[in-house]
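Enquirer: My questions will all concern the structure given below.
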Amino acid sequence: MKDIVWLTMRRLRSPLIVLILTFFLSVTVLVMLPGVDANGAPYRLSFLQAAYFVAFMSTTIGFGEIPYPFTDLQRLVVTFLVFPNVIAWLYSIGAILGLLLDDQFRAIQARNRFERAVRWIAQPRDIIDFLMGRSTPRRNGKPFYILCGFGNTGGLLAEGLLDRGLRVAAIDRDADLLNSRRIDSRFAGVPMLVGSVTDRETLELAGLAQDYTACKGVIAVTEKDHVNLTVAITSKLLRPELPVFARSQNQRVCDNMASFRTDGVVNPYDIFARRMSLAMASPTKYLVQDWLLSVPGTTLRTSLDLPSGHWVVCGLGRFGSRVAEVLEARNQMVTVVDVHPARVKGAAHGVIGRGTEAKTLIDAGIREADGIVAGTGDDVDNLSILLTAHELNSNLFSVARQEDPQNNEIFERSGAGLIARPSLIVARRILALATTPLLKTFLDFLEKQADEATATRLKRRLERILGGHAPNVWLNELSGQQARGLRAAEAEGVSLTLDELVHNQRSPEAEPLRCVCLVLDRGNEMRKYLPGDEERLQEGDRLLFAGRGSARRAIDRALRDEVLLMDAAMDEPLPRSSIGRWLARRKSG
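Its first residue numbered 1, the sequence shown is counted upward by one per residue in this note's numbering.
Structure representation (structure tokens):
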């Protein structure tokens with residue numbers, strides 16, 4: 001607000017001085033001029049009358065001569081006074097319009113609107129707070145994340161966070177991009193600011209300042225790794241307690257971020273390559289991981305069978321080189337195709353070319369190959385590689401890299417068995433880290449520790465409850481309001497198990513809810529993966545579930561209700577009120 005006042009006074013200083021001096025001199029001249037009243041007696045205008053007349057005269061409204069008709073001398077003077085007053089007003093109005101259209105002024109206005117919107121999220125005040133003059137509002141702020149970069153990845157992240165009941169404050173340098181986001185109904189109410197995410201003041205304005213306790217973390221997903229690194233360093237220095245999640249496509253930058261304990265460093269190419277390796281080692285584990293990371297409600301992938309043998313990798317950049325490493329680590333024969341001779345030179349089998357030409361692919365042995373990876377940085381080239389390759393060998397399993405989300409439908413129709421979408425990979429992983437941190441722990445357990453039989457049992461359970469659609473994944477922490485039912489049960493001397501929680505209390509048969517408990521975490525005391533129904537529940541436990549949204553609502557209702565869980569654990573239903581339960585205890589002795 002101070003910036004607007006200072007800029008306004010600076011830009012309007014001269015017009016205001018000219019307008020005030022012209023007005024004051026005109027009023028003084030009119031007061032000094034002699035006039036006559038209705039009876040012909042001498043009369044002079046008062047300062048109020050003169051000021052009133054000059055006001056409507058200079059704005060060309062023209063109410064007439066007051067309080068009596070003017071003399072010829074007064075009319076002659078007024079004729080000469082009209083011009084400087086009109087010019088002064090036009091000069092002032094032009095200066096005001098110029099100020100309102102000034103880029104600097106509009107930028108300051110946008111920053112102030114952004115600051116107010118963020119403060120309203122973090123420190124909401126209602127009319128009672130305003131009237132009472134409270135510096136601290138009576139209501140708690142809504143949890144929100146600072147989103148640095150609002151491109152394709154940022155849009156997916158913002159949509160996912162909003163769906164989970166969280167808020168977002170977004171910053172991006174591209175004004176056109178933010179203008180398109182503002183008219184998108186999915187992002188209505190999201191504060192957006194055009195600015196540099198590497199600027200400390202901008203980050204503090206977005207919620208990184210110490211007084212924004214509702215800020216839950218910082219997410220840096222711009223297209224430049226160095227910018228994301230700068231955001232991560234700045235955030236960790238200003239607010240070390242806040243989690244920071246950042247995207248990077250360079251392993252050196254990833255290692256740099258990890259060195260100062262960035263909470264989540266996401267390299268989409270590395271993640272895709274490792275998951276591709278998992279798909280070759282255990283298709284069942286890959287499918288379960290894919291289901292748990294999919295957008296809730298989307299159609300589940302049914303199967304994935306990556307062949308072993310000869311693979312042709314087109315494009316040996318960051319993506320292609322990482323995929324080639326994974327394939328070679330699994331003892332696959334790999335032939336690389338790239339336009340840069342230096343990249344091809346280091347490969348055991350290499351062909352110089354783009355891969356979009358039939359001759360290049362034939363030289364790479366595409367007719368005898370089992371799979372192809374179209375991994376260049378250009379979507380059109382990747383599609384061309386797939387079409388040409390399938391013309392030469394219709395039995396190929398194809399893997400494609402897609403950069404532009406607008407090409408989703410085209411790539412779906414290309415016949416690719418596996419599509420690497422970096423924006424979607426980053427958004428999924430950061431959403432999992434930010435909203436359900438135990439999910440990454442479970443995925444690591446599934447990949448590295450669980451045996452094939454455990455993965456198969458979990459796959460079958462998920463198939464039964466999901467009905468072909470991706471699950472909701474959520475965390476229930478048994479504390480505060482979510483432990484009311486547990487505390488009431490303890491007061492009654494009732495010990496509750498996971499079995500009572502995951503059964504539908506509204507059904508007469510107490511049928512199981514359509515969900516699976518993936519993790520039961522008790523801090524340093526215990527952590528169990530895929531716990532059994534007989535596990536006892538304690539206050540402070542954290543439970544990670546995957547299943548239908550209806551199961552999530554039923555569990556939330558049961559945890560907040562004082563009677564539902566006890567009804568499931570006892571033979572006879574209990575009274576709803578605490579007094580009724582006390583009387584029942586007295587009656588039973």
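Where a beta carbon is used, it is the ideal one built from N, C-alpha and C, also for glycine.
So, under 8 Å CB-CB, Pro268 and Ile425 are touching, yes? Tell me the CB distance rounded to an integer number of Å.
Expert: On the sequence shown, position 268 is the one that residue 268 refers to. On the sequence shown, position 425 is the one that residue 425 refers to. Between Pro268 and Ile425 a beta carbon distance of about 4 Å is seen, short of the 8 Å cut, so the two are scored as contacting.
Enquirer: Using a Cβ-Cβ cutoff of less than 7 Å, which residues in the same chain neighbour Arg367 once the five nearest sequence positions on both sides are dropped?
Expert: Residue 367 sits at position 367 when you count from the first residue of the sequence shown. These residues qualify, in order along the chain: Leu392, Asn393.
Enquirer: What does the Cβ neighbour count give for Leu19, buried or exposed, with the cut at 16 atoms within 10 Å?
Expert: Your numbering for residue 19 matches position 19 in the sequence shown. Burial call: buried.
Enquirer: Where does Gly550 fall in DSSP's three states?
Expert: Numbered from its first residue, the sequence shown carries residue 550 at position 550. The sequence given here has Ser at residue 550, not Gly. Helix, per DSSP.
Enquirer: Are there three or more Cβ pairs, one per stretch, closer than 8 Å when the region 208 to 228 is compared with the region 178 to 185?
Expert: no
Enquirer: Spell out the partners DSSP gives Val334 in its beta bridges.
Expert: To locate residue 334, count along the sequence shown from 1; it is residue 334. In DSSP, Val334 forms a bridge with Trp311.
Enquirer: Just to confirm the assignment, what range does the alpha helix (DSSP H) spanning Phe63 have?
Expert: By one-based count along the sequence shown, residue 63 stands at place 63. Element bounds for Phe63: n/a, residue is neither H nor E.
Enquirer: Is the region 455 to 463 in contact with the region 317 to 325, if contact means three or more CB pairs nearer than 8 Å?
Expert: Contact between the region 455 to 463 and the region 317 to 325 is absent: fewer than 3 CB-CB pairs across the two stretches fall below 8 Å.
Enquirer: Which first and last residues belong to the beta strand (DSSP E) in which Arg247 is found?
Expert: Sequence index remark: in the sequence shown, residue 247 carries index 247 (1-based). First-last of the beta strand (DSSP E) with Arg247: 244 to 247.
Enquirer: Given this structure, state the Cα-to-Cα distance separating Ser398 from Trp311, to the nearest angstrom.
Expert: Counting from one through the sequence shown, the residue named residue 398 turns up at place 398. Counting from one through the sequence shown, the residue named residue 311 turns up at place 311. Approximately 9 Å between the Cα atoms of the pair.
Enquirer: Which residues bound the beta strand (DSSP E) around Phe397?
Expert: For this step, residue 397 is matched to residue 397 along the sequence shown. Residues 397 to 401.
Enquirer: Is the region 272 to 291 touching the region 326 to 339, taking contact as three or more C-beta pairs under 8 Å?
Expert: yes
Enquirer: What are the uninterrupted segments assigned as alpha helix (DSSP H) that are 4 or more residues long and contained completely in the region 221 to 277, given in chain order?
Expert: 225 to 238, 251 to 259
Enquirer: Going by DSSP, what residues sit across from Tyr145 in a beta bridge?
Expert: Within the sequence shown, residue 145 is the residue found at index 145, counting from 1. DSSP lists Val168, Gly217 as partners of Tyr145.
Enquirer: On a Cα-Cα basis, can you pick out the residue from Phe63, Tyr43, Asp561 that is closest to Tyr52?
Expert: Here residue 52 refers to the residue found at position 52 when the sequence shown is read from its first residue. The option with the nearest alpha carbon to Tyr52 is Phe63.
Enquirer: Report yes if the C-beta distance between Ala246 and Ala220 is below 8 Å; otherwise report no.
Expert: By 1-based counting over the sequence shown, the position of residue 246 is 246. By 1-based counting over the sequence shown, the position of residue 220 is 220. Yes. Within cutoff.
Enquirer: Can you list, in chain order, the residues of its chain whose CB lies under 8 Å from that of Lys216, leaving out five sequence neighbours each side?
Expert: Residue numbering aside, residue 216 sits at position 216 when the sequence shown is read from its first letter. So the list reads Pro143, Phe144, Tyr145, Leu166, Leu242, Pro243, Ala434, once near-sequence residues are dropped.
Enquirer: What are the partner residues of Ala420, as DSSP defines its beta bridges?
Expert: For this step, residue 420 is matched to residue 420 along the sequence shown. Its beta-bridge partners are Arg401.
Enquirer: Quick check: what's the CA-CA separation for Ala558 versus Arg552?
Expert: As a first step, residue 558 must be located in the sequence shown, where it is residue number 558. As a first step, residue 552 must be located in the sequence shown, where it is residue number 552. For Ala558 and Arg552, the distance between alpha carbons rounds to 10 Å.
Enquirer: Helix, strand or coil for Met9 per DSSP?
Expert: Along the sequence shown, read from residue 1 onward, the residue named residue 9 stands at position 9. Helix, per DSSP.
Enquirer: Could you check whether Ala169 and Val118 sit closer than 8 Å to each other, using their CB atoms as the reference points?
Expert: Counting from 1 along the sequence shown, the entry for residue 118 is found at position 118. Counting from 1 along the sequence shown, the entry for residue 169 is found at position 169. Yes.
Enquirer: For Leu544, which three-state DSSP category applies?
Expert: Position 544 of the sequence shown, counted from the first residue, corresponds to residue 544. If DSSP states are grouped into helix, strand and coil, Leu544 belongs with the strands.
Enquirer: In this structure, what does DSSP give as the bridge partners for Pro512?
Expert: Translated into the one-based positions of the sequence shown, residue 512 becomes position 512. Per DSSP, His503.
Enquirer: Determine whether the beta carbon atoms of Cys254 and Val197 lie at a separation below 8 Å.
Expert: Walking along the sequence shown from the start, residue 254 turns up at place 254. Walking along the sequence shown from the start, residue 197 turns up at place 197. Annotated as distal: Cys254 and Val197, with beta-carbon spacing of 8 Å or more.
Enquirer: Alpha carbons only, please: which of Leu462, Ser58, Gln481, Val31 is nearest the one belonging to Lys285?
Expert: As a first step, residue 285 is located in the sequence shown; it is residue number 285 there, counting from the start. Per the C-alpha coordinates, the member of Leu462, Ser58, Gln481, Val31 positioned closest to Lys285 is Leu462.
Enquirer: Does the Cβ-Cβ distance between Arg343 and Leu361 come in under 8 Å?
Expert: Working through the sequence shown from its first residue, we reach residue 343 at position 343. Working through the sequence shown from its first residue, we reach residue 361 at position 361. Result no, Cβ atoms of Arg343 and Leu361 do not sit closer than 8 Å.
Enquirer: Leu498 and Asp521 - do their beta-carbons sit closer together than 8 Å?
Expert: Here residue 521 refers to the residue found at position 521 when the sequence shown is read from its first residue. Here residue 498 refers to the residue found at position 498 when the sequence shown is read from its first residue. It is not a contact, given that the beta carbons lie outside the stated cut-off.
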